[in-house]
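Comments concern the structure below.
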Amino acid sequence: MTLRLPAANGGLRAYEPRTEPRTFGPGTPPTSRVVLSAAHVVADPLADVSPDAPAAVDWDATLAFRRHLWSHGLGVAEAMDTAQRGMGLDWAGAAELVRRSAAEARAVGGRIACGVGTDQLTTGSLAGVRAAYEEQLAVVEEAGAQAILMASRALAATAAGPEDYLEVYGHLLRQAAEPVVLHWLGPMFDPALAGYWGSADLDAATETFLEVIAAHPDKVDGVKISLLDAGREIALRRRLPRGVRCYTGDDFHYPELIAGDEQGFSHALLGVFDPLGPLAAEAVRVLDTGDTQGFRDLLDPTVELSRHLFQAPTRFYKTGVVLLAWLAGHQSHFTMVGGLQSARSLPHLARAYELADGLGLFPDPKLAEERMRNLLALYGVDQ
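Residue numbers (my numbering): 52 to 434.
Here it is in structure tokens:
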């Protein structure tokens with residue numbers, strides 16, 4: 052049976068859904084790259100909450116999705132942007148997510164790293180920013196997870212220049228118990244982070260970022276770069292101190308960045324590896340064997356879907372990620388904390404379904420088709 056999907060001209064067009072899935076069984080973690088999937092949270096659809104109320108999370112479904120990622124050999128980057136930090140999930144919810152996911156990781160032997168930010172605050176003093184970071188760092192370390200120092204909206208609003216970033220990050224790195232990942236999230240993901248590291252000039256900002264790392268290389272496991280600029284990431288990667296990893300967060304160019312070149316490569320910490328998890332894990336295991344072309348053959352075709360999910364306004368990519376989790380059967384509904392399921396149009400969602408179906412991402416294509424048919428009907432599209 053065909054589906055009638057929204058067309059670019061505003062009408063409808065016929066689409067023939069896939070009938071057979073691609074199968075990717077459970078696997079061990081890749082060995083040549085560290086691969087972390089930033090994971091989404093599953094809302095509780097029965098909770099009587101408003102979009103601006105604290106998030107109501109379905110903890111069973113949320114943790115089950117993390118077990119799915121671990122079963123395929125991926126690590127989990129927890130309580131990050133993909134989990135709607137600052138877009139529906141507040142710090143109290145994020146702290147609970149960290150504790151629960153870290154305990155689950157210990158139970159199954161999965162790798163986990165968790166976001167440390169300042170989302171208790173909106174603005175304030177540098178001392179307040181430091182204290183907020185310290186509170187969250189303590190929660191993550193007490194949970195037994197690696198810390199990812201996320202970019203801070205409050206610091207971006209408070210810092211007078213690069214010296215304030217050097218002071219705050221230096222303070223945090225000196226007290227971190229274990230090496231952390233530093234996260235540079237560009238303004239396309241969060242407009243409140245424009246001018247991070249003390250300058251809107253990315254070259255100047257890069258120098259401050261590298262100065263932070265150079266002062267504390269023993270406390271920096273790696274850096275996650277989310278600027279959607281492959282050339283800039285490669286240039287920065289080549290300047291990192293020995294032993295400091297580069298984790299790509301570039302959801303537009305990840306195959307080439309992970310494959311690398313004669314001067315190095317990037318590891319991965321990606322939101323798009325939430326829907327791509329099994330396929331991405333298999334691709335990197337192929338890369339482990341030295342088969343770069345086989346890796347690219349598996350992963351390159353996924354870029355069109357990723358670019359679609361992350362198209363501007365990029366920060367709403369989570370809506371497509373959760374749609375695909377629902378269509379794939381990882382959750383029973385298409386609702387999100389903060390009501391963010393409404394953030395993308397029906398044509399956008401339909402194209403995400405089509406691209407994912409073409410890649411064979413749905414374990415049960417018939418279920419995905421039925422759910423997409425129901426979503427179309429909800430929007431008034433008769434089949």
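Glycine included, C-beta positions come from ideal geometry on N, C-alpha and C. Since we're looking at a predicted model, the values are computed, not measured.
For residue 296, DSSP records a beta bridge to 273.
By the criterion of a C-beta distance shorter than 7 Å, residue 146 is surrounded in its chain by 190, once the five residues flanking it on both sides are discounted. DSSP places residue 404 inside the alpha helix (DSSP H), whose first and last residues are 397-410. Counting of Cβ neighbours within 10 angstroms places residue 209 among the buried residues, the total reaching 16 or more. When rounded, the separation of the alpha-carbon atoms in residue 140 and residue 363 is 21 Å.
8 Å or more divides the Cβ of residue 219 from the Cβ of residue 172.
Inter-residue distance for residue 199 and residue 169 is about 12 Å (C-alpha atoms, whole angstroms). For the 8 Å CB-CB criterion, residue 120 and residue 371 do not form a contact. Sequence-distant partners of residue 359 (beyond 5 residues in either direction) whose C-beta falls short of 7 Å from its own C-beta, in its chain, are 402, 403, 406.
Pairing residue 201 with residue 235, the inter-Cα distance amounts to about 7 Å. Taking a contact to require three or more Cβ pairs closer than 8 Å, the region 89-97 and the region 105-124 qualify as touching. Sixteen is the threshold: since fewer than 16 other Cβ atoms of the shown chains lie within 10 Å of the Cβ of residue 79, the residue is exposed. In the three-state reduction of the DSSP assignment, residue 360 falls in the helix class. The three-state reading of DSSP puts residue 371 in helix, counting H, G and I together. For the pair residue 272 and residue 335, the CB atoms are not nearer than the 8 Å cut-off. In the assembly as shown, residue 392 is a buried residue. Its beta-carbon has 16 or more other beta-carbons within 10 Å. Membership of residue 313 in any beta strand (DSSP E) is not indicated, and neither H nor E is assigned to it by DSSP. Under the 10 Å beta carbon count, residue 326 is surrounded by 16 or more other beta carbons and is classified as buried. Scanning its chain for C-beta atoms nearer than 7 Å, with the 5 sequence neighbours on each side dropped, one finds around residue 394 the residues 367, 370, in chain order. In the three-state reduction of the DSSP assignment, residue 162 falls in the coil class, being assigned neither a helical nor a strand state. Secondary-structure assignment with DSSP links residue 199 through a beta bridge to 166, 232. In this structure residue 136 does not touch residue 128 by the C-beta definition: roughly 11 Å separates them, more than the 8 Å allowed. Membership of residue 117 in the alpha helix (DSSP H) is indicated by the continuous run 110-122. Taking residue 264 as the centre and dropping the five residues before and after it, the same chain places the C-beta of 233, 271, 274, 291, 292, 295 closer than 8 Å to its C-beta, in chain order. The distance from the Cβ of residue 420 to that of residue 54 is about 7 Å, consistent with a contact at the 8 Å cut-off. Contact check for residue 237 against residue 203 fails: the beta carbons are separated by 8 Å or more.
With fewer than 16 other Cβ atoms from the protein chains shown falling within 10 Å of its own Cβ, residue 214 counts as exposed.
Of the other Cβ atoms in all chains shown, 16 or more fall within 10 Å of the Cβ of residue 155; this residue is therefore buried.
Within its own chain, the residues whose Cβ lies closer than 8 Å to the Cβ of residue 75, once the five positions on either side in sequence are excluded, are 123, 329, 330, 332, 333, listed in chain order. Nearest to residue 116 by C-alpha distance, out of 353, 396, 148, 354, is 148.
In this structure, residue 73 sits near residue 411, with a CB-CB distance shorter than 8 Å.
If you keep only unbroken alpha helix (DSSP H) runs of at least 4 residues inside the region 321-349, you get 328-339.
For the 8 Å CB-CB criterion, residue 324 and residue 114 do not form a contact. Bounds of the beta strand (DSSP E) holding residue 86 are 86-89.
Contact annotation, residue 305 with residue 286: C-beta distance approximately 17 Å; criterion of less than 8 Å not satisfied. The secondary-structure analysis by DSSP pairs residue 57 across a beta bridge with 63.
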